[in-house]
Each structure stands twice: as C-alpha cells, then as structure tokens.
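Visitor: Heads up: the sequence shown begins at -3 in this note's numbering, then just goes up one per residue.
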Amino acid sequence: MLQFRTARRRWLAAIGLTGVAALALSACAQSERTDDSGSGKVGGTMVFGAAGEPKNFDPIFNDDGESFRPIRQMFDTLITYKRGTADLAPGLAEKWTPSEDGKSWTFDLRKNVKFHDGTPFNAEAVCFNFDRWFNMKGAAAQSQMIYYGDVFEGFAKNEGDAAGDPVYKSCEAKDEHTAVLNLNKYKGAFPAAFGLTALSLSSPEALKKYDADNVAQSGDSFTYPAYATEHPTGTGAFKLEKFDKANKTITLVRNDDYWGEKAKLDKLIFKIIPDENARKQELKAGTIDGYDFPSPADYNSLKSDGFNVTPRPAFNILYLGINGANNPALKDLRVRQAIAYAVNRDQLVKTKLPLGAEVATQFMPKTVAGYADDVQQYPHDVAKAKELLTQAGVSNLTLNFYVPTEVSRPYMPNPSEIAAVIADDLKAAGINAQIVSRPWNGGYKDDVQKLGKHDLHLLGWTGDYNDAGNFVGTFFGREKKEFGFADPAMFDAIAAADAVVDQDKHADAYKQVSRDIMSKYLPAIPVSHSPPAIVVSSKITGLVPSPLTDERFDTVSKG
-3 MLQFRTARRR
7 WLAAIGLTGV
17 AALALSACAQ
27 SERTDDSGSG
37 KVGGTMVFGA
47 AGEPKNFDPI
57 FNDDGESFRP
67 IRQMFDTLIT
77 YKRGTADLAP
87 GLAEKWTPSE
97 DGKSWTFDLR
107 KNVKFHDGTP
117 FNAEAVCFNF
127 DRWFNMKGAA
137 AQSQMIYYGD
147 VFEGFAKNEG
157 DAAGDPVYKS
167 CEAKDEHTAV
177 LNLNKYKGAF
187 PAAFGLTALS
197 LSSPEALKKY
207 DADNVAQSGD
217 SFTYPAYATE
227 HPTGTGAFKL
237 EKFDKANKTI
247 TLVRNDDYWG
257 EKAKLDKLIF
267 KIIPDENARK
277 QELKAGTIDG
287 YDFPSPADYN
297 SLKSDGFNVT
307 PRPAFNILYL
317 GINGANNPAL
327 KDLRVRQAIA
337 YAVNRDQLVK
347 TKLPLGAEVA
357 TQFMPKTVAG
367 YADDVQQYPH
377 DVAKAKELLT
387 QAGVSNLTLN
397 FYVPTEVSRP
407 YMPNPSEIAA
417 VIADDLKAAG
427 INAQIVSRPW
437 NGGYKDDVQK
447 LGKHDLHLLG
457 WTGDYNDAGN
467 FVGTFFGREK
477 KEFGFADPAM
487 FDAIAAADAV
497 VDQDKHADAY
507 KQVSRDIMSK
517 YLPAIPVSHS
527 PPAIVVSSKI
537 TGLVPSPLTD
547 ERFDTVSKG
C-alpha cells in the first residue's frame, strides 16, 4: 500500500492544469461537500442555448457534451470534481480506498440519499448499476457504451465493439453504505474514471420499470427505451420535466429532495439552437441567458455589450481522423504522413481557432503526465507531402471527408470552416478531399464511430481527468471503426502503459507510446488545443466554468 500511495503522490506533485488547481487524485480521499453556491437569489428560470440535441438521457449510452450537459444536472457519480478544477472530490461516495494492488476499491457512501423516484441510494444500487453495465446484452446496446468499453475493455459477453477481457470482476454490498468494486487488473484510469458522467448512477427500480437496456438498431439508426428518452432517474440537483422535441427544449426542475445544497433555480431550460450566430442573437435579444462556445471573433463585441465571456483552460484535442479500412492507400504510413505534412495547422490555429489555441504535436495537452517533448514533428511542407505520395505510388487520391453540422464543440467552434481550410490544404498537395456533411447526432457520430463510412473526419476530445490513458487510450487502445486501424503492438503498448502502478514509470511508458504513435503508426493527425469560452448574461451569477466543460447549474442564480 505504501509504495502504491507514495508513487501516486509523487506523480500528483508534478502535474497540473494551467489556470486551475493541480489535479489531486488521493488514493484515500474524504471531505464534506462544500457550498459553492454563495448567497444568490433563489427562484426563476434560466434558459441556456445548447448547440445540439442530446442523443438520449441515459448516461451509459452517451459520450458527447450536448448529451452530457443535461445529464450532469440530473445524475451524480461516485466521485466528482471540485468546481472549476480537475481536482477529484466526493460525490455519492464520501470516501474511496484502494486495495494494496489497486484491484479493489471500497466506497463509503453518503447516507440519506434518494433517487428522483424516491427509492434509496445505497450499496445495492451501486452494485446493480455496475452489474447492469457489465452484463449488458446485445451488440446495439454495447456499441453505444463507448466510455464503458474504453475504461472496462469488455463485457461478460462481448457482442459489440469491445473485444477485450473485462476489467470489471464483481461488486459487493458489504453493508447498506459500503460498496466494494473488484477488478481483474490494476488500471491507471482509476479512481478518476469513477467520476465519468457516463458512469452516473441510476435508480435500479426505474431502470427495470422503463426497460432501460432495450436498445435497438435498424440500419444506421439506433432507438432507445423510455428510460433513456422520458424517464431518466438519478440523484441530481435537477430532474427532467419534459423534452419537447417539437420546440427543441429540455426543461429541468429543481429536485427539492436533493442530498446536497438545493439548486437555486426553479427551472433550467436547454434550448437547442444549432447555429452559433442564432445563439448570439437570442442572447442579445434576451430570449436565452447564455450559451457555450461563442465564436472567438465575437468575444470583444459580447463583452462590450455587457455579457460575461469566460475562456476555460485548454484541456482538449482536435484531430483529423484517418480511417484506413476503406481506401487501401490510407494503409500506407507514408500517405498518412503526407496528409500530416499537407495540413497547415499553424495557419489554421491563427485564423479559425480561439485566442490562446496551440498547434498539437501529439494526442494530449502538455499538462498531462505522459506528454513527450520529443515526438516526430510534421510541419507544413507541401513538397514533402507530394514526395511521400510519390514514394507510395499514390496519385489522384480522392477521399471522403466527413464533417459534422449542427454542432459546436470545445475543440471545434466551427467545423465547416475548419474542414474547408483543411480540404484546401490537401488539394494543394494533390489530395482531393470531398466533404460529406452530416448532423452531429443521428448521422455523423454513428457514420464515423459505428459504421466507418468515412476516409477522413474531424473529431476531438475534452479530457475527463488528467491521465494519458484518457486521451491516447481512449482513442487508440483498441480497434475502432473510427480509425479502421488494427495493430496489436500499439494496443499492447497502451495496455502495458496503463497497467504500470508507479506513476513516474506510468508517465514514461505513455511518453514512449506517444513517440511511437507519431512516428510508427499515425492513425490520425493531431491538430490543436483550444481554450473554449462560455458566455452568460450579466443577470446570471454563480456559474463556475470548468476546464472539463463539466459545468453544474445548481449554484446558478438569475437576478
């Protein structure tokens, strides 16, 4: 135990996020929930402009920010994050303690907590949720559990994308308020991964009542049960009143039985407005009270109009993904390298991304332990790109370039503009990138992540916690349709790095993984890290921006 804890403390002392407190992953942590809410006005309704429609409201079947935003208000996790930081803090568990080998975690749970349906939160409920995920049946359901597959690697019976041996072993309710989670191996993602929104805890009774596991696939489309669409039941500060698809609004109401400090707002409405300029106009008109990811070009004008614009620290990555499964040319490393040399990332960052954005050299920000200073570089060099294509015997290369619409992401404020710049860069090197535009949910994400229809695509990631595995492991730790790339050596190297308990060696192993990804594999092209902003009316107080885009609205007042 001493070696495990001491190594982890050394690691913690060496890392941090720019502009926020250093990440504190204590092996044994205990504190009371602090009141971050201040003394703001109680009551009223806040309307927040959302960039896209949620896929559904069952945390386990989601992996995108527009779905997670309302989910975070309705659900809690065992571990959470201190407001405005990436520091771990007690959630539904007041304390968490690992075994000496890190393969067992004991959670001391909060007392007197109830789900929205009035049923008690206890150790049996915790085990019910973990057992539900582990025993999920059907390829359709498993394929939508992206976070679970990345963290736990496999199911009791793998039927979807996951093909590995499961990390999860069992869960034991030792008593009403003590749950013990047993793993088949140590994994560097823990304990931080217990704070993932996807691993939020649901009412077992509601899951059973509303047939929560009944996910179906018809062609390219997925349908979800009543639990996910109408009856999400967590322990959070807000609960769902209605999702009005016709009017594109999600209405949440205060949970007056919440275990912690009660929300100040009576209602919280997310109004879905895909167009960023339309969100800006509605904010100025007073029909919404705030929105996320304003265009960097609008920061100054919004501030001069009296709105509060707050950039978050950059803890994300935008990448140009390459699917090697459909076009044989993309299986050649030289062709992938040619694409990397062709894209003028410096110019892209200067013209299309927020002030403070940086060109990415690898698939994680500099603040993550495991970042390597000596990876292979790909500066803009059209002649080099053409030379590599010639060496590979490739000419007149045409690629389908999938681009999302109806969405703004923290790492990608305007996908269409970014894609147009990249397409022009590729054309200069002799590569014809044909842009295929698809809506974010209900089209793009399934086409890219589940069906692999594309050759190139734009996507990215906002980190959930400060560990290299949350970046490169999530992207490249197993075979995925998104990349169409299968190299057991890369998968094994990532798994080996993740399994290193000593955190100095853990970071060193991931540095070598990053070197190899950039020189030997290059399954995608890292583009940039961006500091995304959030903007609210001067009437709104108490909203604490998060570097993880993990904002909670229970502390918000509207004056």
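Glycine included, every Cβ here is placed at the ideal spot set by N, Cα and C. Note that the coordinates shown come from a computational prediction; the quantities given were computed from them, not determined experimentally.
1) Would you identify the three-state DSSP class for residue 337, choosing helix, strand or coil?
2) Do you know offhand how far residue 432's Cα is from residue 423's?
3) Taking 8 Å as the threshold, find out whether the segment 213 to 225 comes into contact with the segment 48 to 60 through three or more Cβ pairs.
4) Would you kindly work out how many angstroms separate the C-alpha atoms of residue 66 and residue 379, rounded to a whole number?
5) Among residues of its own chain, excluding the 5 on either side of residue 553, which ones have a beta-carbon nearer than 6 Å to its beta-carbon?
6) Shortest alpha-carbon distance to residue 544 belongs to which of 193, 149, 518 and 365?
7) Is residue 266 helix, strand or coil by DSSP?
8) Using the DSSP secondary-structure output, state which residues sit across from residue 171 in a beta bridge.
9) DSSP state of residue 215, grouped into three classes?
10) Is it right to say residue 274 is buried, meaning 16 or more other beta carbons lie within 10 angstroms of its own, or is it exposed?
11) What residues match up with residue 234 in a beta bridge as DSSP calls it?
12) Spatial neighbours of residue 14 within its chain, please: C-beta separation below 8 Å, excluding the five flanking residues on both sides.
13) What's the C-alpha gap between residue 551 and residue 540?
14) If you follow the beta strand (DSSP E) that residue 70 is in, where does it begin and where does it stop?
15) Would you give the residue range spanned by the beta strand (DSSP E) that residue 360 belongs to?
16) Is residue 304 helix, strand or coil when you go by DSSP?
17) Short of 6 Å in beta carbon distance, which residues of its chain neighbour residue 254, apart from the five on each side in sequence? Order them along the chain.
18) What residue does the beta strand (DSSP E) around residue 182 start on, and which one ends it?
19) In this structure, does DSSP put residue 240 in helix, strand or coil?
20) Can you give me the C-alpha to C-alpha distance between residue 119 and residue 164, rounded to a whole angstrom?
21) Looking at residue 447 and residue 113, is the spacing between their C-beta atoms short of 8 Å?
22) Relative to the C-alpha of residue 44, which candidate in 230, 410 and 289 has its C-alpha closest?
23) On the DSSP letters alone, give me the boundaries of the alpha helix (DSSP H) that residue 279 sits inside.
Guide: The relevant details are as follows:
1) In the sequence shown, counting from the first residue as 1, residue 337 sits at position 341. It is helical.
2) Along the sequence shown, one-based indexing puts residue 432 at 436. Along the sequence shown, one-based indexing puts residue 423 at 427. Each residue's alpha carbon lies about 16 Å from the other.
3) yes
4) As a first step, residue 66 must be located in the sequence shown, where it is residue number 70. As a first step, residue 379 must be located in the sequence shown, where it is residue number 383. Computed Cα separation, rounded: 48 Å.
5) Along the sequence shown, one-based indexing puts residue 553 at 557. Around residue 553: 36, 37, 260, 537 and 538.
6) Indexing the sequence shown from 1 puts residue 544 at position 548. Comparing Cα positions, the closest option is 193.
7) One-based indexing of the sequence shown puts residue 266 at position 270. DSSP places residue 266 in strand when its eight states are reduced to three.
8) As a first step, residue 171 must be located in the sequence shown, where it is residue number 175. Beta-bridge pairing links residue 171 to 174.
9) For this step, residue 215 is matched to residue 219 along the sequence shown. The answer is coil: DSSP assigns residue 215 none of H, G, I, E or B.
10) Counting from 1 along the sequence shown, the entry for residue 274 is found at position 278. Answer is exposed; the Cβ neighbour count stays below 16.
11) In the sequence shown, residue 234 corresponds to position 238, counting from 1. Answer is 250.
12) As a working mapping, residue 14 is identified with position 18 in the sequence shown. Any reading at residue 14 needs caution, since the residue's pLDDT is 35, under 50, leaving its predicted position unreliable; the model's value is listed next. Around residue 14: 309, 310 and 363.
13) Here the question's residue 551 lines up with position 555 in the sequence shown. Here the question's residue 540 lines up with position 544 in the sequence shown. If I take the Cα positions, the gap works out to 8 Å.
14) For the purposes of this step, residue 70 is taken as residue 74 along the sequence shown, with counting starting at 1. Premise fails: residue 70 lies in the alpha helix (DSSP H), 61 to 70, not in any beta strand (DSSP E).
15) Position 364 of the sequence shown, counted from the start, is the residue given in the question as residue 360. Unbroken run through residue 360: none, as it is neither H nor E.
16) Locating residue 304 in the sequence shown gives position 308, where the first residue counts as 1. It is a strand residue.
17) As a position in the sequence shown, residue 254 is number 258, starting the count at 1. So the qualifying residues of the chain are 233.
18) What you label residue 182 is simply residue 186 of the sequence shown in a count that begins at 1. It is not in any beta strand (DSSP E) - residue 182 carries neither H nor E in the DSSP assignment.
19) To locate residue 240, count along the sequence shown from 1; it is residue 244. Correct three-state label for residue 240: strand.
20) Counting from 1 along the sequence shown, the entry for residue 119 is found at position 123. Counting from 1 along the sequence shown, the entry for residue 164 is found at position 168. Spanning the two alpha carbons is a distance of roughly 17 Å.
21) Stepping through the sequence shown from its first residue, residue 113 is reached at position 117. Stepping through the sequence shown from its first residue, residue 447 is reached at position 451. No, the pair does not count as a contact, with Cβ atoms beyond the cut-off.
22) Along the sequence shown, one-based indexing puts residue 44 at 48. It is 289 whose Cα lies nearest to the Cα of residue 44.
23) Your numbering for residue 279 matches position 283 in the sequence shown. Element bounds for residue 279: 272 to 281.
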